[in-house]
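Asker:
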């Protein structure tokens, strides 16, 4: 156990006081602003607060809903702090850090963090690529010119190249990837609101599903969802007096890989070690700041855009050694009743894809004792975001 | 459907694509510490020098990773095709992408050589193919 009380001034100083979600679906038939508004109102009500209490709003930089439009739609009259963070799935954990920074520096008292997307019916992350209209690719610091003209166009293809390399170096198997998909599906099967609640997944089904980009198959890919999630962050002191048991933000940490290269996710193929994530550096800081280690987590919500992302992050954050993520996943350690149950509502692979935000909501449910499939006595839960090109992470703790 | 054309006027990266159109493979390199810089930046992140330029590659390398794409994304790239990541013999710090039509059988470390292929609509891209065993 690492314990350095002085290292992280923010430890346990802020808390998540409210959580809210919309339905997750393939077609919401609603605007992303309405989805964000509904999730925000649910989170505000859950905290026992009023819209007039909100004075800060933070979002993912890929969200098309701006903090000021959401403030307008909600009827927030006192917006005094706002911020964007990213990229993509890295945002939610870093939103906790930004909210904490705003609150502890006196810039805001009650911060709303949200993510809203019609990720299936309008803006599919797995399909949209630039250059469709004949414009030139890349330049101006984007660096996409080295990848898109070669047909490397999606996150799925990028993670397929990482998975292939992990297989070459460590002997990771298709069945080990499958174990992650099946673990998340099992959690979703116990979660009525999960998009895959009614669909079971066997190893036979996993292995016989169509290949998308080898070695990744259909069920190695997360869902594409329409939906929104929101959380309310305030001081730990104030959260104590609000409606629900408060969940403390124990520590937040971001990190970058040791040889970061310019561009967004694609340049991972150029890094010296394609299977090293920013999460490795983030994890070292996270555990030091939290004063607890990976072995003490009662559960974890690991950002699962793909099955391989989970295996890489289990290694990066020190839940197992480098190269052992596959056997760790296959051992049952990550399932319900295992030593580190992950993605306890089904995660992005099977609950819904709200770009990291539904992981934060589920972490809070578990630590309040409101888990749909509750981990008995859960006191500590970590969440990750990312995992490309940089990583972010949070440890949450149930208030004493 | 035209291919996706790279932007070739960028100050940091353009020379890679302009050289490819002339059948030359180049990569950015630091004139002070000799370290290769890819993807290219004018500033050397290794030694901090701004004195960086372009070096000619011998056009040979080994495969580092690959994926056979089977799900159609863009009409310019009919599936199946094989994405290849090649580590240059000139420098382990430079890995380049390639795309080969069809599902290609590869093994780790396969020797690869460069071939310049015209892009429909203008210019060329360096592409990579397995070296045929003698």
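Chains as they are written, first to last, in the numbering used here: chain R, 0 to 399; chain P, -19 to 114.
Even glycine gets a Cβ: it sits at the ideal position worked out from N, Cα and C.
1. Of the residues that make up the region 254 to 283 of chain R, which ones have a beta carbon closer than 9 Å to any beta carbon in chain P?
2. Note down the Cα distance separating residue 157/R from residue 264/R, rounded to an integer number of angstroms.
3. Beta carbons nearer than 9 Å to chain R: which residues of the region 28 to 45 of chain P have them?
4. Is it buried or exposed for residue 303/R, if we count other Cβ within 10 angstroms and need 16 for buried?
5. From which residue to which residue does the alpha helix (DSSP H) around residue 66/R run?
6. Using 8 Å as the Cβ pair cut-off and three pairs as the minimum, do the region 16 to 24 of chain P and the region 183 to 190 of chain R touch?
7. What three-state label does DSSP hand residue 79/P in the structure shown?
8. Taking the alpha helix (DSSP H) that residue 300/R falls in, what are its first and last residues?
9. Between 145/R, 90/R and 108/R, which lies nearest to residue 251/R when the distance is taken from Cα to Cα?
10. Are residue 110/R and residue 56/R touching if we call contact CB-CB under 8 Å?
11. Between which residues of its own chain and residue 4/R is the CB-CB distance below 8 Å, once the five residues before and five after are set aside?
12. Can you pull the chain R residues whose beta carbon is under 8 Å from the beta carbon of residue -10/P, in chain order?
13. Buried or exposed: which applies to residue 66/R, given that a residue is buried once 16 or more other Cβ atoms fall within 10 Å of its Cβ?
14. Which residues of chain R have a Cβ atom closer than 8 Å to the Cβ of residue -7/P, listed in chain order?
15. Can you tell me where the alpha helix (DSSP H) with residue 96/R in it begins and where it stops?
16. Which word fits residue 386/R, buried or exposed, when buried means at least 16 other C-beta atoms lie within 10 angstroms of its C-beta?
17. Counting only runs that start and end within the region 294 to 352 of chain R, where is the beta strand (DSSP E) found for 3 or more residues in a row?
18. With DSSP collapsed to three states, give me the class of residue 371/R.
19. Can you list the alpha helix (DSSP H) stretches of 4 or more residues lying completely in the region 103 to 177 of chain R, in chain order?
20. With 8 Å set as the bound, which would you pick, yes or no: does the beta-carbon of residue 175/R sit closer than that to a beta-carbon of chain P?
21. If I measure Cβ to Cβ from residue 77/R and keep anything under 6 Å in the same chain, skipping five residues before and after, which residues do I get?
22. Flag residue 295/R as yes if its beta-carbon sits less than 8 Å from any beta-carbon of chain P, otherwise no.
23. Considering Cα atoms alone, identify which of 81/R, 120/R and 93/R is closest to residue 106/R.
24. Can you say whether residue 41/P is buried or exposed, counting buried as having 16 or more other CB atoms within 10 angstroms of its CB?
25. For residue 79/R, count the other beta carbons within 10 Å of its own beta carbon; 16 or more makes it buried, fewer makes it exposed. Which is it?
26. Do you know how far the Cα of residue 75/P is from the Cα of residue 0/R?
27. What residues from chain R crowd round residue 50/P, counting only those whose CB sits closer than 9 Å?
28. Could you check which residue in 19/R, 144/R, 343/R and 256/R has the C-alpha nearest to that of residue 78/P?
29. From residue 259/R to residue 101/P, what does the alpha carbon distance come to, in whole angstroms?
30. Is it the case that the region 359 to 378 of chain R contacts the region 212 to 224 of chain R, given that we only count it when at least three CB pairs across the two stretches are under 8 Å?
31. Could you name the residues that DSSP lists as bridge partners for residue 93/P?
Answerer: Looking at the atomic coordinates:
1. 258, 259, 260, 261, 262, 265, 266, 268, 269, 270, 271 and 273
2. 8 Å
3. 44 and 45
4. buried
5. 66 to 73
6. no
7. strand
8. Run containing residue 300/R: none in the alpha helix (DSSP H); it sits in the beta strand (DSSP E), 298 to 300.
9. 90/R
10. yes
11. Only weak support exists for where residue 4/R lies, its pLDDT of 47 falling under 50; the value from the coordinates is given anyway. Same-chain partners within the cutoff: 10 and 290.
12. 137, 138, 139 and 144
13. buried
14. 137, 138, 142, 144 and 145
15. 90 to 103
16. buried
17. 298 to 300
18. coil
19. 154 to 169
20. no
21. 54
22. no
23. 81/R
24. buried
25. exposed
26. In this prediction, residue 0/R scores a pLDDT of 45, lower than 50, which makes its location untrustworthy; no coordinate-derived value is stated.
27. 209, 210, 211, 212 and 213
28. 144/R
29. 33 Å
30. no
31. 40/P and 109/P
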